[in-house]
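Asks: One structure follows; several queries about it will come next.
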């Protein structure tokens with residue numbers, strides 16, 4: 004059967020051949036005669052429709068007789084149409100066209116659905132199918148399930164409004180816009196299953212799925228980019244602030260030198276307002292002679308890039324000043340611009356000049372100072388030295404420089420010097436140390452070295468100032484020997500005085516004892532003259548015994564053999580006790596002796612007998628040097644952890660130059676005073692010793708003709724003044 008040129012019929016002579024052709028050629032349509040050798044047309048139709056590959060190929064069954072049962076059977080076996088013989092060519096052509104058109108539409112639809120399913124399921128983007136209006140999630144791909152943290156079943160049971168964080172009013176406006184434009188693009192925030200809120204960008208448009216309009220929605224997480232955007236804005240703000248806060252002037256220029264922008268420092272530096280500056284060119288900011296060559300210089304700066312150059316600039320008032328300028332090319336709105344950093348180096352120039360002058364002074368000092376100056380690396384190599392060093396080691400300077408310092412140090416000093424070098428290298432500070440060296444002629448010298456870390460020729464180094472202290476060391480040795488000899492002599496003296504005092508006390512006690520017995524009439528009655536003489540003997544003996552006791556106490560204190568018997572006692576009571584023993588002497592000279600103990604009960608932890616001896620000596624001293632009709636006052640109070648006692652008189656006073664002498668043993672201020680007032684000069688020496696043995700201090704304040712005040716401190720007991 005012939006058809007028009009639109010189709011190419013391929014005949015088959017049997018059912019088997021027909022099946023093979025269908026399998027190999029995949030025809031657009033099959034005209035199937037029921038009467039085929041081998042396999043009849045119904046079976047061929049059944050097999051074609053059972054094969055997934057060929058099941059959608061239209062099949063028209065042709066037969067010379069079509070009973071109702073055959074038609075039913077043809078439909079059951081999958082035939083798409085049937086035509087009875089004889090065939091009407093026009094009818095056949097019409098049916099063929101109709102079935103092929105249906106097949107192609109179906110194939111196009113299938114292809115479209117396959118593409119959609121493939122794209123939907125394999126898209127790496129988070130993709131949702133959403134029902135417009137109610138917002139029900141119809142479908143979700145794997146990335147969507149992974150992103151939101153739900154299974155597909157959980158996600159498709161939700162509405163888009165369950166994950167959208169958007170106000171109802173805004174949602175309504177957005178829906179209206181999407182319906183109007185048939186698509187949408189907006190930013191939102193979505194809530195994940197974990198409760199985390201993420202920033203998202205949403206693209207949505209209408210698609211038709213199985214005759215139903217749905218919103219095909221892609222969701223992109225922009226949390227990181229939002230944060231980046233926020234960071235960028237903050238960075239830009241910081242950059243603007245930094246530019247404005249920069250000490251250097253910053254300009255943005257065209258390649259013709261036109262000023263497009265500048266910061267506040269630039270305005271202050273040149274004396275213009277921002278508005279004035281933006282109307283200028285770089286040529287307005289330089290001297291006239293420099294402005295002539297400015298274009299060439301700008302080109303050179305563009306080529307050079309980040310290298311800093313020095314230039315003289317001009318302020319608004321015409322003042323010229325030196326600057327350091329570095330430039331860089333950059334793109335701004337697609338055009339090349341030049342950014343220039345300008346630093347006023349007026350002070351730097353002054354500093355350079357001052358540094359140069361300082362270096363010249365240092366060089367002069369280095370060369371001409373009598374002290375030696377060495378610069379060492381940290382292996383001890385001498386990098387530089389002055390003439391004094393060469394003279395010190397008795398060697399030519401060119402031989403000293405380049406040698407090692409350990410060549411001149413004796414071994415024990417070498418170890419010390421190495422330790423000092425290590426400390427300086429590690430930044431632990433400088434040092435002042437004495438070393439022994441041996442000069443080139445073999446002479447041993449003592450030198451004192453003051454070293455510290457410096458930068459020398461861009462490398463860390465150790466600069467050492469050295470001084471020959473050999474003479475001083477010898478003098479120190481002589482002084483130490485003399486001190487040791489003096490201390491030995493003082494110990495010998497103390498032992499002699501102690502021994503002598505013991506030897507004198509025994510006969511002296513006998514003299515005092517017998518004189519007291521005779522005075523009492525034990526040996527018989529005495530005449531008035533005898534009684535007076537015996538009284539002189541007793542008083543003189545007791546005075547001599549007191550002197551011997553003072554000498555013995557001082558000797559014990561100086562030799563460290565005296566021990567304190569500490570106890571807690573009341574200061575006021577002890578002072579009153581000593582005052583009572585002094586009243587006869589003060590009354591004899593009509594001296595007012597008063598004690599002001601303060602409002603608190605003060606107690607000390609001290610040796611009671613030594614405390615009373617301190618008070619007795621101070622009051623006795625005050626009574627001795629206070630003229631008739633004078634006064635003596637005693638004060639006491641707590642000062643921190645100490646009890647302070649003051650004995651103040653209105654006596655003759657002490658000159659300033661004599662104040663340092665009064666605590667020395669056997670010393671009275673001058674010979675005239677010694678003649679006027681009796682005494683050995685031991686009392687105040689003992690007072691100072693006793694106070695210091697307690698861990699206290701004593702001081703004196705005095706003016707000639709006005710009086711003297713002695714102040715001493717002893718440790719307070721814990722409960723004192725509480």
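Residue numbers (my numbering): 4 to 725. A virtual CB, placed ideally from N, CA and C, is assigned to each residue, including glycine.
Could you tell me the distance, in whole angstroms, from the CA atom of residue 616 to the CA atom of residue 556?
Replies: As a working mapping, residue 616 is identified with position 613 in the chain shown. As a working mapping, residue 556 is identified with position 553 in the chain shown. So the alpha carbons of these two residues sit roughly 11 Å apart.
Asks: Where does residue 677 sit, in a helix, a strand or coil, going by DSSP?
Replies: As a working note, residue 677 is residue 674 in the chain shown. Its pLDDT being 46, under 50, residue 677 is placed unreliably by the model, and the measurement read from it follows with that caveat. Helix.
Asks: Using the C-alpha atoms, what's the distance from residue 244 back to residue 1?
Replies: Here the chain has residues from 4 to 725 only, and residue 1 is not among them.
Asks: Looking at residue 36 and residue 65, is the spacing between their C-beta atoms short of 8 Å?
Replies: For the purposes of this step, residue 65 is taken as residue 62 along the chain shown, with counting starting at 1. For the purposes of this step, residue 36 is taken as residue 33 along the chain shown, with counting starting at 1. It is a contact, given that the beta carbons lie within the stated cut-off.
Asks: Using only CA atoms, which one of 714, 364 and 522 lies nearest to residue 703?
Replies: Position 700 of the chain shown, counting from 1, holds the residue named residue 703. It is 714.
Asks: Residue 288 to residue 248, Cα distance in whole Å?
Replies: Position 285 of the chain shown, counted from the start, is the residue given in the question as residue 288. Position 245 of the chain shown, counted from the start, is the residue given in the question as residue 248. Approximately 22 Å, taken between the alpha carbons.
Asks: Tell me whether residue 163 sits in a helix, a strand or coil according to DSSP, three-state version.
Replies: The residue given as residue 163 occupies position 160 in the chain shown. Residue state, collapsed to three classes: helix.
Asks: Along the chain, which unbroken stretches of the alpha helix (DSSP H) at least 4 residues long are found entirely within the region 63-117?
Replies: For the region 63-117, whole alpha helix (DSSP H) runs of length 4 or above, ordered along the chain, are 71-79.
Asks: Once you ignore the five residues that flank residue 152 on each side, which residues in its own chain have a CB closer than 8 Å to its CB?
Replies: For this step, residue 152 is matched to residue 149 along the chain shown. Closer than 8 Å at the Cβ level, and outside the excluded window around residue 152, lie 195, 196 and 197.
Asks: Tell me, to the nearest whole angstrom, how far the beta carbon of residue 140 is from that of residue 158; I am working on the premise that it is less than 8 Å.
Replies: Translated into positions along the chain shown, residue 140 becomes position 137. Translated into positions along the chain shown, residue 158 becomes position 155. About 6 Å; that satisfies the 8 Å criterion.
Asks: Helix, strand or coil, according to DSSP, for residue 635 in the structure here?
Replies: Counted from its first residue, the chain shown places residue 635 at position 632. In the structure shown, residue 635 sits in a strand (DSSP, three-state: E or B).
Asks: Report the rounded CA-to-CA distance for residue 323 versus residue 363, giving the unit in angstroms.
Replies: By one-based count along the chain shown, residue 323 stands at place 320. By one-based count along the chain shown, residue 363 stands at place 360. Computed Cα separation, rounded: 28 Å.
Asks: Could you tell me whether the Cβ atoms of residue 628 and residue 655 are closer together than 8 Å?
Replies: One-based indexing of the chain shown puts residue 628 at position 625. One-based indexing of the chain shown puts residue 655 at position 652. Cβ distance < 8 Å, so residue 628 and residue 655 count as in contact.
Asks: Decide if residue 368 is buried, meaning its Cβ has at least 16 other Cβ atoms within 10 Å, or exposed.
Replies: Within the chain shown, residue 368 is the residue found at index 365, counting from 1. With fewer than 16 other Cβ atoms within 10 Å, it is exposed.
Asks: Decide if the region 411-422 is in contact with the region 481-500; the criterion is three or more beta carbon pairs, one per stretch, under 8 Å apart.
Replies: As far as the Cβ criterion goes, the region 411-422 does not touch the region 481-500, which means the pair count is below three.
Asks: CB residue 254 to CB residue 265, shorter than 8 Å?
Replies: In the chain shown, the residue the question calls residue 254 occupies position 251. In the chain shown, the residue the question calls residue 265 occupies position 262. Cβ distance < 8 Å, so residue 254 and residue 265 count as in contact.
Asks: Alpha carbon to alpha carbon, how far is residue 326 from residue 381?
Replies: As a first step, residue 326 must be located in the chain shown, where it is residue number 323. As a first step, residue 381 must be located in the chain shown, where it is residue number 378. Their backbone Cα atoms lie some 39 Å apart in a straight line.
Asks: From what residue to what residue does the beta strand (DSSP E) around residue 345 run?
Replies: Indexing the chain shown from 1 puts residue 345 at position 342. Looking at the DSSP string, the run of the beta strand (DSSP E) that includes residue 345 is 338-347.
Asks: If contacts are defined as beta-carbon pairs under 8 Å, then residue 422 and residue 437 qualify, I think. What distance do you get, rounded to the angstrom?
Replies: In the chain shown, residue 422 corresponds to position 419, counting from 1. In the chain shown, residue 437 corresponds to position 434, counting from 1. With 8 Å as the limit, residue 422 and residue 437 do not qualify as a contact, their Cβ atoms being about 14 Å apart.
Asks: What number of angstroms, rounded off, separates the C-alpha of residue 94 from the C-alpha of residue 84?
Replies: Start at 1 with the first residue of the chain shown, and residue 94 comes out as number 91. Start at 1 with the first residue of the chain shown, and residue 84 comes out as number 81. About 12 Å.
Asks: Give the DSSP-derived three-state secondary structure of residue 249 in the structure shown.
Replies: As a working note, residue 249 is residue 246 in the chain shown. DSSP places residue 249 in coil when its eight states are reduced to three.
Asks: Going by the CB atoms, is the gap between residue 427 and residue 470 shorter than 8 Å?
Replies: Taking the first residue of the chain shown as 1, we reach residue 470 at position 467. Taking the first residue of the chain shown as 1, we reach residue 427 at position 424. Their beta carbons are not under 8 Å apart, which means residue 470 does not touch residue 427 by this criterion.
Asks: So is residue 176 buried or exposed if we call it buried at 16+ other beta carbons inside 10 Å?
Replies: Stepping through the chain shown from its first residue, residue 176 is reached at position 173. The residue in question, residue 176, is exposed, as its Cβ has fewer than 16 Cβ neighbours within 10 Å.
Asks: Under the three-state reduction of DSSP, which class applies to residue 14: helix, strand or coil?
Replies: Here residue 14 corresponds to residue number 11 of the chain shown, with the count starting at 1. The answer is coil: DSSP assigns residue 14 none of H, G, I, E or B.
Asks: In this structure, does DSSP put residue 256 in helix, strand or coil?
Replies: The count along the chain shown starts at 1 and reaches residue 256 at position 253. Strand.
Asks: CB-CB under 7 Å to residue 347, same chain, minus the five flanking residues each way: which ones, in chain order?
Replies: Taking the first residue of the chain shown as position 1, residue 347 is located at position 344. 272, 324 and 326.
Asks: Using 8 Å as the limit for Cβ to Cβ distance, is residue 24 near chain B?
Replies: Chain labels in this structure do not include chain B; a single protein chain is all it has.
Asks: Thinking just about the alpha-carbon of each residue, which of 404, 630, 511 and 349 is nearest to the one in residue 376?
Replies: Against the chain shown, residue 376 aligns to sequence position 373. The shortest Cα separation from residue 376 among 404, 630, 511 and 349 belongs to 404.
Asks: Could you tell me which uninterrupted beta strand (DSSP E) segments, each at least 3 residues in length, are contained entirely in the region 586-644, listed from first to last along the chain?
Replies: Here the runs fully enclosed are 595-599, 606-610 and 634-642.
Asks: Nearest CA to the CA of residue 129: which residue from 99, 223, 540 and 34?
Replies: The residue given as residue 129 occupies position 126 in the chain shown. Nearest C-alpha to residue 129: 223.
Asks: Could you check the C-alpha separation between residue 90 and residue 12 for me, to the nearest Å?
Replies: For this step, residue 90 is matched to residue 87 along the chain shown. For this step, residue 12 is matched to residue 9 along the chain shown. Answer to the nearest angstrom: the Cα atoms are 16 Å apart.
Asks: Does the distance from the CB of residue 250 to the CB of residue 378 come in under 8 Å?
Replies: Translated into positions along the chain shown, residue 250 becomes position 247. Translated into positions along the chain shown, residue 378 becomes position 375. Taking 8 Å as the Cβ cut-off, residue 250 and residue 378 do not qualify as a contacting pair.
Asks: Provide the residue span of the alpha helix (DSSP H) that contains residue 525, from first to last.
Replies: Walking along the chain shown from the start, residue 525 turns up at place 522. Taken as a continuous stretch (DSSP letters only), residue 525 belongs to no alpha helix (DSSP H), as it is neither H nor E.
Asks: Would you mind reading off the limits of the beta strand (DSSP E) that contains residue 325?
Replies: Position 322 of the chain shown, counting from 1, holds the residue named residue 325. Element bounds for residue 325: 323-335.
Asks: I need the straight-line Cα distance from residue 476 to residue 449, nearest angstrom please.
Replies: Numbered from 1 along the chain shown, position 473 holds the residue referred to as residue 476. Numbered from 1 along the chain shown, position 446 holds the residue referred to as residue 449. Roughly 7 Å separates the two Cα atoms.
Asks: What three-state label does DSSP hand residue 651 in the structure shown?
Replies: Here residue 651 refers to the residue found at position 648 of the chain shown. Reduced to three states, the DSSP call for residue 651 is strand.
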